[in-house]
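Worksheet for the structure shown next.
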Amino acid sequence: GAGVSQTPSNKVTEKGKYVELRCDPISGHTALYWYRQSLGQGPEFLIYFQGTGAADDSGLPNDRFFAVRPEGSVSTLKIQRTERGDSAVYLCASSPGSGGRTDTQYFGPGTRLTVL
Amino acid sequence: QQPVQSPQAVILREGEDAVINCSSSKALYSVHWYRQKHGEAPVFLMILLKGGEQKGHEKISASFNEKKQQSSLYLTASQLSYSGTYFCGTRPLIQGAQKLVFGQGTRLTINP
Chain A
-3 GAGVSQTPSN KVTEKGKYVE LRCDPISGHT ALYWYRQSLG QGPEFLIYFQ GTGAADDSGL
57 PNDRFFAVRP EGSVSTLKIQ RTERGDSAVY LCASSPGSGG RTDTQYFGPG TRLTVL
Chain B
1383 QQPVQSPQAV ILREGEDAVI NCSSSKALYS VHWYRQKHGE APVFLMILLK GGEQKGHEKI
1443 SASFNEKKQQ SSLYLTASQL SYSGTYFCGT RPLIQGAQKL VFGQGTRLTI NP
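The listed protein sequences derive, respectively, from chains A and B. Numbering-wise, my numbering puts 61 at position 65 of the first sequence, and it's gapless, one number per residue. Heads up, my numbering is the position in the second sequence plus 1382, with the first residue counted as 1.
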């Protein structure tokens, strides 16, 4: 089956603009995660959805960042008034969502966001 | 708090062995190991659960020392395809916590 897909693969925008990043999880996975990865660093947690609801948004850096998952499948990460410091690779992951000890997260290829 | 990985980088010749360590200051529920090649998604390797178990995957195995909150990834008889950056992702022992907290990564280079 298909893995996690993310669009666009690259996004270049100007400081102050609004961007949307899309994630299509593995079919049937109820849990969805957004991470941000800066150059030379490990992924940094942003937000976690179980179904349609955000179960943990403790990683969102500020109120310019917002994510939705209205139908419990596709998710969109929205960034308002982008800043140069937002430049990074935004990774999406999904898991079966059992919440059990072996619930494994599978990552998509990421969206590389560059804010000029 | 981010787990600490060591070493930060290692260069091997094909066929040599490597050990990558991941240490946390917090009690852990599980440790997840991933490999990421440049410009690609992190690929899941294995998960180690609270209980001090050891797992294997081809010539890659790992252990989890619950007392030390430390996991080690062992790569034996390394192949060129093992090159990449290895990350440990830790799940804290907190009710309901699902997020992974990743280390800074260990860059592994395998030369022929």
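Here a beta-carbon is modelled for each residue, glycine too, at the ideal position from N, C-alpha and C.
Legend entry - Residues that Asp52(A) contacts on chain B, provided the C-beta gap is smaller than 9 angstroms: Working through the first sequence from its first residue, we reach residue 52(A) at position 56. Per Cβ cutoff of 9 angstroms: Gly1478, Ala1479, Gln1480, Lys1481.
Inset, instruction - Specify, as a first and last residue, the run of the beta strand (DSSP E) that Ala(-2)(A) falls within. - result: Start at 1 with the first residue of the first sequence, and residue -2(A) comes out as number 2. Premise fails: Ala(-2)(A) is in no beta strand (DSSP E) and is neither H nor E.
Inset, instruction - May I ask you to list the residues that DSSP assigns as paired with Glu79(A)? - result: Locating residue 79(A) in the first sequence gives position 83, where the first residue counts as 1. In DSSP, Glu79(A) forms no bridge with anything.
Legend entry - Contacts of Phe1446(B) in chain A (Cβ-Cβ under 8 angstroms): Within the second sequence, the letter at position 64 stands for residue 1446(B). Here the premise fails: no neighbours, minimum Cβ distance about 12 angstroms.
Legend entry - chain B contact residues for Pro105(A), given Cβ-Cβ distances below 8 angstroms: Walking along the first sequence from the start, residue 105(A) turns up at place 109. Result: Glu1422, Ala1423.
Inset, instruction - State yes or no: is the beta carbon of Gln1486(B) nearer than 9 angstroms to at least one beta carbon in chain A? - result: Within the second sequence, residue 1486(B) is the residue found at index 104, counting from 1. Output row for Gln1486(B): interface = yes.
Inset, instruction - Check each residue of the region 1396 to 1430 of chain B: if its Cβ is closer than 8 angstroms to any Cβ of chain A, include it; give the result in chain order. - result: Correct list: Tyr1411, Ser1412, His1414, Tyr1416, Glu1422, Ala1423, Pro1424, Val1425, Phe1426, Ile1429.
Inset, instruction - Flag Lys1408(B) as yes when its Cβ comes closer than 8 angstroms to any non-hydrogen atom of the ligand NAP, and as no otherwise. - result: The model depicted lacks the ligand NAP and carries no ligand whatsoever.
Legend entry - Inter-stretch contact (C-beta, 8 angstroms, three-pair minimum) for the region 1481 to 1493 of chain B and the region 39 to 52 of chain A: Contact between the region 1481 to 1493 of chain B and the region 39 to 52 of chain A is present, with at least three C-beta pairs closer than 8 angstroms.
Legend entry - Nearest-angstrom Cβ-Cβ length linking Ser94(A) and Pro21(A), presumed shorter than 8 angstroms: Translated into the one-based positions of the first sequence, residue 94(A) becomes position 98. Translated into the one-based positions of the first sequence, residue 21(A) becomes position 25. Incorrect: roughly 15 angstroms between the Cβ atoms, too far for contact.
Inset, instruction - Assign Thr48(A) to buried or exposed, taking buried as 16 or more other Cβ atoms, counted over all protein chains shown, within 10 Å of its Cβ. - result: Stepping through the first sequence from its first residue, residue 48(A) is reached at position 52. Thr48(A) counts as exposed, since fewer than 16 other C-beta atoms from the protein chains shown sit within 10 angstroms of its C-beta.
Legend entry - Within 9 angstroms, strictly: CB atoms of His1414(B) and Thr1467(B): Indexing the second sequence from 1 puts residue 1414(B) at position 32. Indexing the second sequence from 1 puts residue 1467(B) at position 85. Not in contact: His1414(B) and Thr1467(B) (Cβ atoms no closer than 9 angstroms).
Inset, instruction - Say whether chain A places a C-beta atom closer than 9 angstroms to the C-beta of Gly1466(B). - result: Within the second sequence, numbered from 1, the residue matching residue 1466(B) stands at position 84. Output row for Gly1466(B): interface = no.
Inset, instruction - Starting from Tyr29(A), find everything on chain B with Cβ-Cβ shorter than 9 angstroms and list it in chain order. - result: Looking up residue 29(A) in the first sequence gives position 33. Those are Gln1480, Lys1481, Leu1482, listed as they occur along chain B.
Legend entry - Sequence-distant residues of its chain with Cβ nearer than 7 angstroms to Asp53(A) (five each side left out): Numbered from its first residue, the first sequence carries residue 53(A) at position 57. The answer, listed in chain order, is Ile43.
Inset, instruction - Report back the beta-carbon spacing between Arg108(A) and Ser5(A) to the nearest angstrom; my notes put them in contact at under 8 angstroms. - result: Position 112 of the first sequence, counted from the start, is the residue given in the question as residue 108(A). Position 9 of the first sequence, counted from the start, is the residue given in the question as residue 5(A). Confirmed, Cβ separation roughly 7 angstroms.
Inset, instruction - Indicate the three-state DSSP secondary structure (helix, strand or coil) for Ser1388(B) in the structure shown. - result: Your numbering for residue 1388(B) matches position 6 in the second sequence. In this structure, DSSP gives Ser1388(B) an extended state, which the three-state scheme calls strand.
Inset, instruction - Look up Ser1463(B) in the DSSP assignment and say whether it is helix, strand or coil. - result: The residue you call residue 1463(B) lines up with position 81 of the second sequence. Secondary structure of Ser1463(B) (DSSP, three-state): helix.
Inset, instruction - Check whether the Cβ atoms of Leu1457(B) and Val1401(B) lie closer than 9 angstroms to each other. - result: On the second sequence, residue 1457(B) is found 75 positions in, with the first residue counted as 1. On the second sequence, residue 1401(B) is found 19 positions in, with the first residue counted as 1. Taking C-beta atoms as the reference points, Leu1457(B) and Val1401(B) count as a pair closer than 9 angstroms.
Inset, instruction - Spatial neighbours of Leu1462(B) within its chain, please: CB distance less than 7 angstroms, with the 5 preceding and 5 following residues excluded, ordered by chain position. - result: Mapped onto the second sequence, residue 1462(B) falls at position 80. Glu1396, Ile1492, Pro1494, listed in sequence order.
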